[in-house]
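Trainee: For reference, the structure I am asking about is given below.
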């Protein structure tokens, strides 16, 4: 009875839809074959660890109960499926909300400063200027230095007693600041270091965007008597929107997961006050007997937060008429 | 986006994928263990000693080993101490890249052994005259009734002081109690123009205060968490008072160890707590370079219960998956022998773990060895349990909050006890 109904309803469009697809499959088989290596590599490198991570997050696997044989020692696998209890444990912990709050603050402040400073510098570099290429090189420098090297250098510069920054402050007759030892200043410090690291990328991306805005628009606006501020608001900002949308999203994801700055500059301290979600998750996983399931759950949660954020952001851009 | 997946999940997945095809075939040993000189093979050794001050001495010892056993090739790798634990675990679990022999901190052995990473050494060439070892370091190498590591050096914390600064403050002898420590430090501050005491904000360095008042982190026999018990609290309150009263200089929280050590070496502070591993570093510092007799070593001051400081040190452990077990055993036997220990003691002032090593002239030639005997008498055995390594992070965070004035001693220790409950299943408060 049911099949009849389906058959009766389907024939027209179904048959029409099916035929070209079958033909396309054989005619363009080489296209599929050429895609295959990428698809397979992506599945192995991205899909498998991701699926494995999600699976682990639903178990109670730790370093102690995952089976292995090393030489004369054999340890049987005894971990079990525990459903969503890892997630429940994390979400209900007091630690999660505190960490999430600080992580969001950190991300918003960092990205806002990245964008603001990056745009300012890009506009300066976008006008004819002597020694422009020298400035450009200097401004890109922080980006060229590996993040961990910068983090170590900053940790040294900001040392309360023997650091260069405090030495300069003291030489100027001001007192030193507990840059890394006071919870509030530690947060300010990591934000400053991350801004230093991230501005070059924003600057370069936005400079590219600025150069793509047609000169004629500015000339026409000038002829019409528009003030610089109006030109900035009505030509520069809208003109940058395609670039800005992408770099802000990228910057948000990077900053949200900016592990080296926090981990190397303050080690999450003092007293865990500058710990963001990823560094906290790392600690859960790699301190003592490794808690694979717990850290996988943290990882999946972080991923989920970012996916939600990205989807909402894209939607917001699209409603404003941007095809991102 | 890929980075959104936790590094751990990826590592775990990769580790599993690798271990599935791992497990190297162990090549047949060239000769039975009964004829040591005929044993051949390759031994990779991860040395975690200080690369500038200590490592050259260990490398020298290696040369003699290869002269004695020409058929054994030793690959020497210096791994920074701070990275070694994680690096070894990752390599050991994945089944590739782990060394044959590791210089493991005493606190790591029980954890590694419980995870199946280490080869039991009872009845092998590695364990030579076990009765000669001092009991506390020997205890660190045992887990569940088997021996998994052979002690290399032992150490503990002592009170290191600048004799000249103390004299200027009117004290000829180092303080013996916490009360005297506070008074001496305050006197140095007012009379000698330097800070009295620099604290290292690190969980390990908090232990002498806790032990001094009769407290401890855990009561292993009774399966009880005692970090927030009244005796432990009394110890932490001593620290709180030292900071509040100004006897201890405002402690640095990041790079605390280096800052305290630098201040001491440069004569900016009169007293610090540190161990024998810092001998070479201290004696090379600005104030002690020309006046080594100004460098004083005393036991940590006592509280109302006793003077106590944690037993530290390093052991030699053999990786269970080593391809050349016999060669590795021989290597450990040689490195842990009384002669080798005495030699290292003579050069670096590190304390041997075998009693006979102390009587050898090479060890006696280093004045530091004798000076550390008294502090060593106050060494307290730590809980040698697999979770031992995890006890420090919660306490470190708590100590940082205390030192920054964010959280007083009592609620801070309660937080730590709560964290320990999460780590130690089935333990009571």
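Protein chains in written order, with full-length UniProt numbering: chain A, 1 to 324; chain B, 1 to 429.
By construction, the Cβ of each residue, glycine as well, lies at the ideal position given by its N, Cα and C atoms.
With DSSP as the reference, please indicate the residues paired to residue 42/B in a beta bridge.
Mentor: DSSP lists 73/B as partners of residue 42/B.
Trainee: Mapping DSSP to helix, strand and coil, what is residue 287/B?
Mentor: In the structure shown, residue 287/B sits in coil (DSSP, three-state: anything other than H, G, I, E or B).
Trainee: Could you check how far apart the C-beta atoms of residue 327/B and residue 39/B are, in whole angstroms? I think they sit under 8 Å.
Mentor: About 5 Å separates the two Cβ atoms, so the contact holds.
Trainee: Quick one: which chain A residues come within Cβ less than 8 Å of residue 322/B?
Mentor: The contacting residues are 71.
Trainee: For the segment 238–304 of chain B, which segments carrying the alpha helix (DSSP H) assignment without a break, of at least 4 residues, lie completely within its bounds, in sequence order?
Mentor: You should have 256–265 and 279–283.
Trainee: What residue range is occupied by the uninterrupted alpha helix (DSSP H) comprising residue 415/B?
Mentor: It spans 409–423 - the alpha helix (DSSP H) in which residue 415/B sits, taken as one unbroken run.
Trainee: Which whole-angstrom value is the C-beta distance of residue 302/A and residue 63/A, which I expect to be below 8 Å?
Mentor: Wrong, their Cβ atoms sit about 21 Å apart, outside the cutoff.
Trainee: Please check the pair residue 147/A and residue 261/A, which I expect to be a contact at CB under 8 Å, by giving their CB distance rounded to whole angstroms.
Mentor: Their Cβ separation, rounded to whole angstroms, is 7 Å, which keeps residue 147/A and residue 261/A in contact under 8 Å.
Trainee: If the cut is a Cβ gap below 7 Å, which residues of chain B does residue 181/A touch?
Mentor: By Cβ distance, chain B contributes 252, 253, 254 and 404.
Trainee: Any chance the segment 184–202 of chain A sits against the segment 269–284 of chain B, with 3 or more Cβ pairs inside 8 Å?
Mentor: Judged by Cβ distances under 8 Å, the segment 184–202 of chain A makes no contact with the segment 269–284 of chain B, as fewer than three pairs qualify.
Trainee: Quick one: give me the first and last residue of the alpha helix (DSSP H) that residue 403/B is part of.
Mentor: Residues 392–403.
Trainee: With a threshold of 7 Å on Cβ separation, who are the neighbours of residue 356/B within its own chain once the five nearest residues in sequence on each side are excluded?
Mentor: 132 and 338.
Trainee: Along the chain, where does the alpha helix (DSSP H) containing residue 208/B start, and where does it finish?
Mentor: Counting along the chain, the alpha helix (DSSP H) containing residue 208/B begins and ends at 203–212.
Trainee: Let's see if you can read the secondary structure: which residues bound the beta strand (DSSP E) around residue 159/B?
Mentor: 158–162 is the extent of the beta strand (DSSP E) around residue 159/B.
Trainee: Return the CA-CA distance between residue 416/B and residue 152/B, expressed in angstroms with no decimal places.
Mentor: Roughly 32 Å between the two C-alpha positions.
Trainee: Under a CB-based cut-off of 8 Å, is residue 165/B close to chain A?
Mentor: Output row for residue 165/B: interface = no.
Trainee: Would residue 288/B be called buried (16 or more neighbouring beta carbons within 10 Å of its own) or exposed?
Mentor: Residue 288/B is buried by the Cβ-count criterion.
Trainee: Applying a beta-carbon distance threshold of less than 7 Å, which residues of chain B neighbour residue 266/A?
Mentor: The contacting residues are 254.
Trainee: Could you check whether the Cβ of residue 92/A sits closer than 7 Å to any heavy atom belonging to the ligand GTP?
Mentor: This structure lacks the ligand GTP; in fact it carries no ligand of any kind.
Trainee: Going by beta-carbon coordinates alone, are residue 402/B and residue 240/B separated by less than 8 Å?
Mentor: Cβ distance < 8 Å, so residue 402/B and residue 240/B count as in contact.
Trainee: By the criterion of Cβ-Cβ separation under 8 Å, what are the contact partners of residue 381/B in chain A?
Mentor: By Cβ distance, chain A contributes nothing, its closest Cβ being about 20 Å from residue 381/B, past 8 Å.
Trainee: Are the C-beta of residue 81/A and some C-beta of chain B separated by less than 8 Å?
Mentor: Judged by the 8 Å Cβ criterion, residue 81/A is not in contact with chain B.
Trainee: Mind listing, in chain order, the continuous alpha helix (DSSP H) runs of no fewer than 4 residues lying wholly within the segment 77–129 of chain B?
Mentor: The segment 77–129 of chain B contains these whole alpha helix (DSSP H) runs: 81–94 and 109–114.
Trainee: So residue 148/B and residue 186/B are in contact, right, with Cβ under 8 Å, and what is the actual spacing, rounded?
Mentor: 47 Å between Cβ atoms; not a contact.
Trainee: Quick one, are the C-beta atoms of residue 298/A and residue 281/A less than 8 Å apart?
Mentor: For residue 298/A and residue 281/A, yes; Cβs fall inside 8 Å.
Trainee: I'd like the list of long-range same chain contacts for residue 80/A, defined as Cβ closer than 7 Å, with 5 residues on each side in sequence excluded.
Mentor: Hits under 7 Å: 59 and 60.
Trainee: Can you check whether the CB of residue 331/B is closer than 8 Å to the CB of residue 43/B?
Mentor: In contact: residue 43/B and residue 331/B (Cβ atoms closer than 8 Å).
Trainee: Quick check: is the beta carbon of residue 96/A nearer than 8 Å to any beta carbon in chain B?
Mentor: Chain B contact via Cβ: absent.
Trainee: Looking only at its chain, what residues have a beta carbon closer than 6 Å to the beta carbon of residue 31/B, apart from the 5 residues adjacent to it on each side?
Mentor: Since pLDDT at residue 31/B reaches only 39, below the 50 mark, its modelled position is unreliable, and the value read off the structure follows with that caveat. Closer than 6 Å at Cβ, skipping near neighbours: 38 and 39.
Trainee: Measure the CB-CB distance between residue 421/B and residue 429/B and report whether it falls below 8 Å.
Mentor: In contact: residue 421/B and residue 429/B (Cβ atoms closer than 8 Å).
Trainee: Using 8 Å as the threshold, is the segment 257–273 of chain A in touch with the segment 393–408 of chain B, meaning 3 or more CB pairs across them?
Mentor: Because the criterion of three Cβ pairs below 8 Å is met, the segment 257–273 of chain A and the segment 393–408 of chain B touch.
Trainee: Please classify residue 430/B as buried or exposed, where buried requires at least 16 neighbouring CB atoms within 10 angstroms.
Mentor: Look at the range of chain B in this structure, 1 to 429, and you will see that residue 430/B is not part of it.
Trainee: Determine the extent of the beta strand (DSSP E) in which residue 231/A is found, giving its start and end residues.
Mentor: Run containing residue 231/A: none in the beta strand (DSSP E); it sits in the alpha helix (DSSP H), 228–231.
Trainee: Return the first residue and the last residue of the beta strand (DSSP E) that residue 151/B is part of.
Mentor: Residue 151/B -> beta strand (DSSP E) spans 149–155.
Trainee: Could you tell me which chain B residues have their CB closer than 8 Å to the CB of residue 75/A, listed as they occur along the chain?
Mentor: Per Cβ cutoff of 8 Å: 115 and 116.
Trainee: Using the three-state DSSP reduction, which class does residue 25/B fall into: helix, strand or coil?
Mentor: Caution applies to residue 25/B, whose pLDDT of 37 falls short of 50 and renders its modelled position unreliable; the model cannot decide the point.
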